[in-house]
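One structure below.
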Ligand SMILES: [Mn+2]
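Residue numbers (the numbering used here): 17 to 302.
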């Protein structure tokens with residue numbers, strides 16, 4: 017069964033971006049719990065995150081799990097990428113992702129590598145950038161494996177990266193890796209720009225798809241654009257996807273309305289679990 021998730025950004029520099037909730041983690045968890053979401057996905061630098069015990073309490077209070085951690089703040093705040101031409105900066109980028117793996121690991125929450133993939137440039141050609149990326153993903157995936165979680169890699173649309181734009185590109189990338197512990201993130205906003213057929217792309221991704229970002233064509237919440245969700249939902253059913261559908265969309269018209277619209281759309285589109293039960297000690301982090 018697909019589980020429902022909503023994004024929360026704790027990164028002031030990313031304000032105006034595609035996250036449903038902003039800044040106030042307690043309030044975001046309260047609202048996500050009220051709306052019966054199963055989980056939250058956090059966009060944060062390690063220094064924005066609360067102590068793990070604090071997060072455990074907060075999640076338990078509202079019947080939530082931590083679905084995943086985004087790493088894009090490494091790019092947004094520090095301009096770090098895994099394909100930087102400078103060896104020291106590449107190393108810093110890996111350390112940044114590693115520290116988020118270590119935070120999420122005890123929650124069994126994978127981290128997502130999206131904008132930290134960077135891009136090829138005049139200084140770092142395509143082949144070199146891809147080899148830096150593979151090297152980093154192999155190392156990070158091995159680190160994630162110690163916590164029993166995959167590393168999630170997100171293909172981005174052409175305006176955000178020139179390395180891996182489609183699910184097919186993502187699958188070729190996975191073939192180059194030594195690690196079997198990397199899964200792809202299918203983000204409907206990026207896919208709507210890059211894929212010829214979203215359903216076919218999801219079917220091609222099959223069991224290699226480990227996470228979903230849900231938004232409509234204009235990156236507003238599901239139902240506020242012109243994406244046809246019917247073939248998307250049937251493809252997900254066909255591949256037996258049972259991970260999270262995470263709402264990564266603009267807070268349109270505001271955070272709470274965006275969360276409510278998304279939750280209703282999830283109910284309409286597929287059988288999602290009806291939210292976790294509060295106070296059951298879902299999060300045992302040691
Ligand atoms: Mn995304």
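Quick reminder that beta carbons are idealized off the backbone N, C-alpha and C, glycines included. Source: prediction; values computed, not measured.
Could you have a look at residue i and say whether DSSP puts it in helix, strand or coil?
{"i": "residue 84", "result": "strand"}
{"i": "residue 20", "result": "strand"}
{"i": "residue 203", "result": "strand"}
{"i": "residue 119", "result": "helix"}
{"i": "residue 177", "result": "coil"}
{"i": "residue 262", "result": "strand"}
{"i": "residue 218", "result": "helix"}
{"i": "residue 35", "result": "coil"}
{"i": "residue 194", "result": "coil"}
{"i": "residue 63", "result": "helix"}
{"i": "residue 92", "result": "helix"}
{"i": "residue 233", "result": "coil"}
{"i": "residue 127", "result": "strand"}
Please list the terminal residues of the continuous alpha helix (DSSP H) segment that includes residue i.
{"i": "residue 249", "result": "245-254"}
{"i": "residue 229", "result": "Unbroken run through residue 229 is the beta strand (DSSP E), 225-230; no alpha helix (DSSP H)."}
{"i": "residue 72", "result": "68-77"}
{"i": "residue 277", "result": "271-285"}
Give me the Cβ distance between residue i and residue j, rounded to the nearest whole Å; I'm assuming they're in contact under 8 Å.
{"i": "residue 233", "j": "residue 242", "result": "5 Å"}
{"i": "residue 197", "j": "residue 172", "result": "Not a contact, Cβ separation roughly 21 Å."}
{"i": "residue 193", "j": "residue 224", "result": "Residue 193 to residue 224, Cβ: 11 Å. No contact."}
Whose CA, out of the options, lies closest to the CA of residue i?
{"i": "residue 116", "options": "76, 95, 58", "result": "58"}
{"i": "residue 235", "options": "259, 41, 267", "result": "267"}
{"i": "residue 244", "options": "207, 257, 112", "result": "207"}
{"i": "residue 72", "options": "60, 55, 61", "result": "55"}
{"i": "residue 218", "options": "189, 239, 256", "result": "256"}
{"i": "residue 17", "options": "120, 51, 253, 65", "result": "253"}
{"i": "residue 174", "options": "136, 157, 51", "result": "136"}
{"i": "residue 35", "options": "86, 49, 46", "result": "86"}
{"i": "residue 50", "options": "76, 120, 192", "result": "76"}
{"i": "residue 284", "options": "258, 246, 272", "result": "246"}
{"i": "residue 184", "options": "160, 210, 193", "result": "210"}
{"i": "residue 67", "options": "27, 105, 119, 47", "result": "119"}
{"i": "residue 240", "options": "170, 258, 274", "result": "274"}
{"i": "residue 107", "options": "153, 69, 222, 195", "result": "153"}
{"i": "residue 157", "options": "138, 19, 111, 105", "result": "111"}
{"i": "residue 26", "options": "64, 170, 96", "result": "64"}
{"i": "residue 278", "options": "53, 163, 188, 220", "result": "53"}
{"i": "residue 96", "options": "149, 215, 238, 214", "result": "149"}
{"i": "residue 237", "options": "159, 222, 271", "result": "271"}
{"i": "residue 62", "options": "113, 22, 46", "result": "113"}
{"i": "residue 205", "options": "182, 195, 187", "result": "182"}
{"i": "residue 385", "options": "20, 216, 140, 121", "result": "Given that the chain is displayed from residue 17 to residue 302, the structure contains no residue 385 and the question cannot be resolved."}
{"i": "residue 109", "options": "222, 151, 70, 299", "result": "151"}
{"i": "residue 188", "options": "220, 23, 281, 45", "result": "220"}
Could you give the residue range of the beta strand (DSSP E) that holds residue i?
{"i": "residue 148", "result": "Per DSSP, residue 148 belongs to no beta strand (DSSP E); it is in the alpha helix (DSSP H), 142-161."}
{"i": "residue 42", "result": "From DSSP, residue 42 is part of no beta strand (DSSP E) but of the alpha helix (DSSP H) over 41-50."}
{"i": "residue 14", "result": "Since the first residue shown for the chain is 17 and the last is 302, residue 14 is missing from the structure and cannot be characterised."}
{"i": "residue 169", "result": "167-169"}
{"i": "residue 238", "result": "Looking at the DSSP string, residue 238 is not in any beta strand (DSSP E), and its letter there is neither H nor E."}
Inset, instruction - Count the CB pairs spanning the region 198-205 and the region 223-243 that are closer than 8 Å, and state whether there are at least three. - result: yes
Inset, instruction - Inspect the CB distances between the region 130-139 and the region 90-107 and report whether three or more fall short of 8 Å. - result: yes
Inset, instruction - May I ask you to verify whether the region 144-157 touches the region 169-181, counting CB pairs closer than 8 Å and requiring at least 3? - result: yes
Inset, instruction - Check each residue's C-beta against every heavy atom of ligand 2 and list, in chain order, those closer than 5 Å. - result: Among the ligands in the structure shown, ligand 2 does not appear; only ligand 1 can be found there.
Inset, instruction - Spell out a yes or no on whether the region 119-128 and the region 77-89 are touching, meaning 3 or more CB-CB pairs, one atom from each, closer than 8 Å. - result: yes
Legend entry - Cβ contact (3+ pairs, closer than 8 Å) linking the region 37-49 and the region 254-262: no
Inset, instruction - Could you say if the region 30-37 and the region 101-116 meet the contact criterion of at least three C-beta pairs nearer than 8 Å? - result: no
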